[in-house]
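Here's the structure, in structure tokens; my notes come after.
Number of protein chains: 2
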Amino acid sequence: MANPAKFNRDTVVSLACDLFWKKGFHATSTRDLQDAIDLRPGSIYAAFGNKQGLYTEALRHYANKMDDLLESCLEQHDSVIEGLKTFTKSALIDETEQQSCDQCMLIKATSEFKHEYPELKSLSESLLVEFETRLAQLFAQAIDAGELPKNGKAIDYARHFQIHFIGLRSYAARVTDKSLIDSLIEKMFDAVKA
Amino acid sequence: MANPAKFNRDTVVSLACDLFWKKGFHATSTRDLQDAIDLRPGSIYAAFGNKQGLYTEALRHYANKMDDLLESCLEQHDSVIEGLKTFTKSALIDETEQQSCDQCMLIKATSEFKHEYPELKSLSESLLVEFETRLAQLFAQAIDAGELPKNGKAIDYARHFQIHFIGLRSYAARVTDKSLIDSLIEKMFDAVKA
DNA sequence: ACTATAATTGAACAATTGCTCAACTAGGAA
DNA sequence: TTCCTAGTTGAGCAATTGTTCAATTATAGT
Chain P
766 MANPAKFNRD TVVSLACDLF WKKGFHATST RDLQDAIDLR PGSIYAAFGN KQGLYTEALR
826 HYANKMDDLL ESCLEQHDSV IEGLKTFTKS ALIDETEQQS CDQCMLIKAT SEFKHEYPEL
886 KSLSESLLVE FETRLAQLFA QAIDAGELPK NGKAIDYARH FQIHFIGLRS YAARVTDKSL
946 IDSLIEKMFD AVKA
Chain V
766 MANPAKFNRD TVVSLACDLF WKKGFHATST RDLQDAIDLR PGSIYAAFGN KQGLYTEALR
826 HYANKMDDLL ESCLEQHDSV IEGLKTFTKS ALIDETEQQS CDQCMLIKAT SEFKHEYPEL
886 KSLSESLLVE FETRLAQLFA QAIDAGELPK NGKAIDYARH FQIHFIGLRS YAARVTDKSL
946 IDSLIEKMFD AVKA
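For the record, the sequence lines run as chains P and V.
The working numbering applies: residue 766 is where the first sequence begins, and numbers increase by one.
The working numbering applies: residue 766 is where the second sequence begins, and numbers increase by one.
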């Protein structure tokens, strides 16, 4: 291999992810991307094919990042529910503070590609289904461990969690007082146990 | 007034609203709009100034439409809570079926204009605040009427409703089985009363 | 019928878009 | 050292973007 690439692919994808997340696919121009990732068009198109190709990797990167955050939060607690609470606070408070990205990028993507770009539509949908599946696994675990009543269904808990999570995220985006969000998350988890 | 306008402004704004709602501001080109509302650039720019001007009216139109729906649902019931439930079902099931617009246009707008177009950002935010205020009014009414426990706060109910509403709407967008959404709305209102 | 004025038209502008490609550069293998 | 190949560069393309405007059309008031 002569003259190997000078850029780090992960770094580039991560930077592109931040920009796409913030501005959305359509509002992000290839010039914006060139500046953000410090690569000339030739390199970008050689490495990723086109704008959609880079977006695809950026979206996958986002999903992986969320998965990693979830798993690391779970490791911090013996209780699955406590792990999920830490994850929620981390995603809705810490992350929105530093990134100021209001919505989950996957939700933004499903909305943006509802009527166009079928590949991106199905990718974002399947990443969301993957996440729901993981949540259902975790709630099944919590039921087994006696953290939640035995008569509850894991998939119902998973659905309820997502609905609350997405709604809260949207609300957190337009509220400056993060202690309010914190107390709403506490309420959310009190309600889950009941 | 010589040669009065041949188009109906409300109709035009309503058609523009549907397109902007579906595709978002950035993904909607002025050519798309010209086709949808059947007007040539000159007429559009004479009537609305620019793309942003038309979008502004479209967003206001959307907020009014939602208000009208809410009020008409409230009129159908003596109970405020039952009125809100009918509104929720109407917005999340009936409307998404015919329009296939996944998200609340106001939420989409706040997300799209978080870092650009400050006028549209503050407009969408203030329309959301207006809606929250109306909800708080209604929950105060429900508390007074004895529909909800006296020790609850109207603003807390309003917040909880919005979070659940937005989360459910997002979930409804990627679920084909509308009876599941119906049962989730029923659960949502059971939880409110408790 | 005439006129003044407002609305409509569509060609065309400059800017921006996603993307290409020929020329150039750099480093591993011979 | 000399290739050969893979990576980089940036000028620039064709298409699309938001917008303008002179010419045209239509009508309410005289």
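Just so it is clear, CB atoms sit at the ideal spot from N, CA and C, and this is done for glycine as well.
Bear in mind the structure is a predicted one, so any value in this text is a computation, not a measurement.
For the alpha helix (DSSP H) containing residue i, name the first residue and the last one.
i      : result
V:G848 : V845 to K854
V:A811 : P806 to F813
P:C838 : K816 to E840
V:Y922 : A919 to A938
P:K787 : R774 to K788
Per DSSP, what kind of secondary structure is residue i in: helix, strand or coil?
i      : result
V:L798 : helix
V:C866 : coil
P:K886 : helix
V:D955 : helix
V:F904 : helix
V:I915 : This sequence places Lys at residue 915 of chain V; Ile is not what is there. Here V:K915 sits in coil by DSSP.
V:A874 : helix
V:T941 : coil
P:E895 : helix
V:T963 : What the structure shows of chain V is the stretch from 766 to 959, and residue 963 of chain V is not part of that stretch, so it cannot be assessed.
P:D909 : helix
V:D947 : helix
Measure the alpha-carbon distance for residue i versus residue j and round it to whole angstroms.
i      : j      : result
V:C866 : P:I846 : 33 angstroms
P:I960 : V:Y810 : Since the displayed chain P opens at 766 and closes at 959, residue 960 of chain P lies outside it and no answer follows.
V:H929 : P:H929 : 6 angstroms
V:V769 : V:M831 : Note on residue identity: the sequence assigns Pro, not Val, to residue 769 of chain V. Their backbone Cα atoms lie some 31 angstroms apart in a straight line.
V:G814 : P:S779 : 39 angstroms
V:T795 : P:Y882 : 20 angstroms
V:D909 : P:A823 : 51 angstroms
V:R774 : P:L893 : 40 angstroms
V:V957 : P:S844 : 27 angstroms
V:Q864 : P:H880 : 12 angstroms
P:G911 : P:A959 : 13 angstroms
P:Q960 : V:F878 : Outside the displayed range of chain P (766 to 959) lies residue 960 of chain P, so it cannot be described from this structure.
V:A812 : V:H842 : 40 angstroms
V:K915 : V:Q927 : 20 angstroms
V:G848 : P:G917 : 29 angstroms
P:R980 : P:T821 : What the structure shows of chain P is the stretch from 766 to 959, and residue 980 of chain P is not part of that stretch, so it cannot be assessed.
V:R825 : V:S891 : 11 angstroms
V:S808 : V:N829 : 24 angstroms
P:K952 : P:L913 : 16 angstroms
V:S837 : V:K816 : 31 angstroms
V:E860 : V:A907 : 26 angstroms
P:E840 : P:D833 : 11 angstroms
V:I950 : V:D803 : 39 angstroms
V:A767 : V:T941 : 52 angstroms
Taking the Cβ atom as the reference point for each residue, do residue i and residue j lie within a distance shorter than 9 angstroms?
i      : j      : result
P:Y922 : P:F904 : yes
P:Y827 : P:L871 : yes
V:R899 : V:L835 : yes
V:R934 : V:C869 : yes
V:T776 : V:L784 : no
P:I931 : V:G932 : yes
P:L819 : P:A781 : yes
V:K873 : P:S876 : yes
V:R772 : V:T853 : At residue 772 of chain V the sequence reads Phe, which differs from the Arg that was named. Not in contact: V:F772 and V:T853 (Cβ atoms no closer than 9 angstroms).
Using 8 angstroms as the cut-off, classify the Cβ of residue i as near or not near the heavy atoms of the ligand GDP, replying yes or no.
i      : result
P:K850 : Questions concerning the ligand GDP fall outside what the structure shown contains, since it holds no ligand whatsoever.
Give a yes or no on contact between the region 787–801 of chain V and the region 882–895 of chain P, applying the rule of three or more CB pairs nearer than 8 angstroms.
no
Count the C-beta pairs between the region 778–790 of chain V and the region 941–958 of chain P that are closer than 8 angstroms, then say yes if the count reaches three, no if not.
Between the region 778–790 of chain V and the region 941–958 of chain P there are fewer than three inter-stretch CB-CB distances shorter than 8 angstroms, so the stretches are not counted as touching.
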